[in-house]
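Peer 1: Sharing a structure below in structure tokens format, with a few things to ask.
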Amino acid sequence: MATTPASLPLAFGACCSPLTGGELSEEDAAALARVFKALGDPTRVRLVSLIAASPDGEACICDLIAPVGLAQPTVSHHMKLLADAGLVTRTQRGKWAYFRIVPEALSAAARALTPVEAAAQA
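To convert, note that position 42 of the sequence shown is 42 in UniProt numbering; the numbers rise steadily by one, no gaps.
If you want it as structure tokens, here you go:
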């Protein structure tokens, strides 16, 4: 015999409130998924960390190569994915590209995953 919500004991049916609020639109969910996909690679997380820790808040691609131990084209590819996800901005100066973190993008990603009650207490 199948159990339906009407046939469940009251205590079980009353334990959970319906999901309301905080729902992402399909467009917002897709944008957020791009951010998390970009951060889904340990090298890209390290690159974001290196830029965030830089003294003036930006880093030249030439300064990111040695710490991650990858070739310049590979680091450039990772940085392009981070830029496409909106996590960093890119400025060209001569032959070098400089990158800055977009704090709002990281904050938005964190807010999207923060439980409503935790956000209300903050």
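Beta carbons are placed, not taken as given, at the ideal position from N, Cα and C, and that holds for glycine.
Is H77 near R44, with beta carbons less than 7 Å apart?
Peer 2: No; because the gap between Cβ atoms is not below 7 Å, this pair is not in contact.
Peer 1: Does DSSP put A97 in a helix, a strand or coil?
Peer 2: Strand, per DSSP.
Peer 1: Quick check on DSSP: helix, strand or coil for E27?
Peer 2: Residue state, collapsed to three classes: helix.
Peer 1: State yes or no: is the C-beta of I65 within less than 7 Å of the C-beta of A97?
Peer 2: No, Cβ-Cβ distance for I65 and A97 is not below 7 Å.
Peer 1: Thinking just about the alpha-carbon of each residue, which of F99, P67, Q72 and R93 is nearest to the one in L82?
Peer 2: Looking at the Cα atoms, F99 is the closest of the given residues.
Peer 1: Leaving aside the five residues before and after L32 along the sequence, list all residues of the same chain whose C-beta is less than 6 Å from its C-beta, in chain order.
Peer 2: Once the five neighbours on either side are set aside, the close Cβ partners of L32 are A112.
Peer 1: Under the rule that 16 or more other beta-carbon atoms within 10 Å means buried, what is L87, buried or exposed?
Peer 2: Under this definition L87 is a buried residue.
Peer 1: R46: which of R34, D28, P55 and V75 sits nearest, CA to CA?
Peer 2: Answer by Cα proximity: V75.
Peer 1: Report the rounded CA-to-CA distance for V68 versus A105, giving the unit in angstroms.
Peer 2: Rounded to the nearest angstrom, the two C-alpha atoms are 23 Å apart.
Peer 1: Considering only the beta carbon of each residue, do I101 and A52 sit closer than 7 Å?
Peer 2: In this structure, A52 lies closer than 7 Å to I101 by Cβ.
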